[in-house]
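Number of protein chains: 2
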Amino acid sequence: MSKQALPVVDLHAVACCPPIAARPLDADQAAVVAPMFKALGDPVRLRLMSMIASVPEICVCDLTPAFDLSGPTVSHHLKVLRDAGLVDSERRGTWVWYRVRPEAFRRLGALLEIGHS
Amino acid sequence: MSKQALPVVDLHAVACCPPIAARPLDADQAAVVAPMFKALGDPVRLRLMSMIASVPEICVCDLTPAFDLSGPTVSHHLKVLRDAGLVDSERRGTWVWYRVRPEAFRRLGALLEIGHS
DNA sequence: GGGCTGCTTCGAAAACCATCTAGACAAGGA
DNA sequence: TCCTTGTCTAGATGGTTTTCGAAGCAGCCC
């Protein structure tokens with residue numbers, strides 16, 4: 001949905017990004033970041049994310065057959081990833097294409113770096 | 001609980017660790033890793049993890065007062081982190097101390113590195 | 001237009017989760 | 001031994017999540 005209003009997670013609102021091992025996260029930061037981890041906390045979504053991140057972009061029609069799940073279920077999981085700000089989608093003609101939002105992905109990785117303690 | 005049998009997640013069972021952006025995760029790998037992300041997908045647990053990771057070790061008695069939650073609720077969240085293999089605990093006299101399992105933490109970080117695609 | 005295919009949204013059922021209170025257990029001190 | 005303090009377990013409850021089938025919308029082709 002390229003015409004969709006705004007991502008549910010505003011990435012600019014995240015106080016930018018010392019690793020969680022560097023100093024304790026405050027409640028506000030945690031409230032912004034936790035939903036991203038939560039979105040990756042389901043095996044189906046983690047695989048979807050991995051399939052999307054492994055290529056520049058990928059069609060839903062190539063994602064759905066990789067799972068033993070109904071179309072609506074896969075679509076739901078993709079929406080969770082979208083709402084978490086982790087991926088973006090765009091309809092082009094008949095098909096809908098998904099791609100990673102690299103800044104979100106990088107942010108998450110940065111949080112898990114080893115703190116300099 | 002130092003005397004507790006084994007961590008619920010056997011870290012050695014994780015096929016070790018190309019970033020999820022390098023190639024699609026298979027279902028077995030996803031089933032092992034997703035619970036770790038899921039454990040971090042709650043704001044309370046993310047803050048707990050961050051507090052634990054920021055120091056060599058920390059007493060439950062220092063974790064609980066940081067939240068507006070009952071003791072049992074904090075204890076429950078700590079158990080989720082333990083079961084996910086992310087932290088370890090040990091009773092020493094009156095108090096129970098928690099510390100990060102660095103290998104699990106590093107593994108998670110490695111998964112989120114940018115793939116060489 | 002009419003019908004087809006791809007994807008999403010809706011609504012409902014079942015499973016799961018966060019939180020609480022009450023109670024149990026462990027260690028230490030009177 | 002009994003009492004207190006710190007932590008965990010058990011059980012209950014309300015809220016959320018996963019999943020489905022049915023229905024909707026968007027784009028294509030005849």
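Respectively, the protein sequence lines represent chains A and G. The numbering of the first sequence is the UniProt record's numbering, which starts it at 1 and goes up by one. The numbering of the second sequence is the UniProt record's numbering, which starts it at 1 and goes up by one. We put the CB at the ideal spot given by N, CA and C, even for glycine. Nothing here was measured: the structure is a model prediction, and the numbers come from that model.
How long is the line joining the alpha carbons of residue 35(G) and residue 59(A), rounded to whole angstroms?
-> Here the alpha carbon of residue 35(G) sits roughly 27 angstroms from the alpha carbon of residue 59(A).
Beta-carbon of residue 75(G) versus every beta-carbon of chain A: anything under 7 angstroms?
-> Residue 75(G) does not count as touching chain A.
Answer yes if the region 36 to 53 of chain A comes into contact with the region 92 to 103 of chain A, meaning at least three C-beta pairs across the two stretches below 8 angstroms, and no otherwise.
-> Short answer: they touch.
Should residue 89(A) be flagged as near chain G, meaning a C-beta pair shorter than 7 angstroms?
-> Cβ-Cβ to chain G under 7 angstroms: no for residue 89(A).
Would you list the one or two residues that DSSP bridges to residue 89(G)?
-> DSSP, once it has assigned bridges, lists 98(G) as partnering residue 89(G).
Is the beta carbon of residue 30(G) less than 7 angstroms from the beta carbon of residue 82(A)?
-> The Cβ-Cβ distance between residue 30(G) and residue 82(A) does not fall below 7 angstroms.
In chain order, what residues of the same chain lie with their CB nearer than 7 angstroms to the CB of residue 109(G), ignoring the 5 residues before and after it?
-> No residues qualify anywhere along the chain.
Boundaries (first-last residue) of the alpha helix (DSSP H) holding residue 21(G) = Taken as a continuous stretch (DSSP letters only), residue 21(G) belongs to no alpha helix (DSSP H), as it is neither H nor E.
Please report how far the alpha carbon of residue 92(A) lies from the alpha carbon of residue 25(A), in whole angstroms.
-> C-alpha separation (whole angstroms): 40 angstroms.
With a 10 Å radius around its C-beta and 16 neighbouring C-beta atoms as the bar for buried, classify residue 42(G) as buried or exposed.
-> By the 10 Å Cβ count, residue 42(G) comes out buried.
Among residues of its own chain, excluding the 5 on either side of residue 67(A), which ones have a beta-carbon nearer than 7 angstroms to its beta-carbon?
-> The answer, listed in chain order, is 44, 74.
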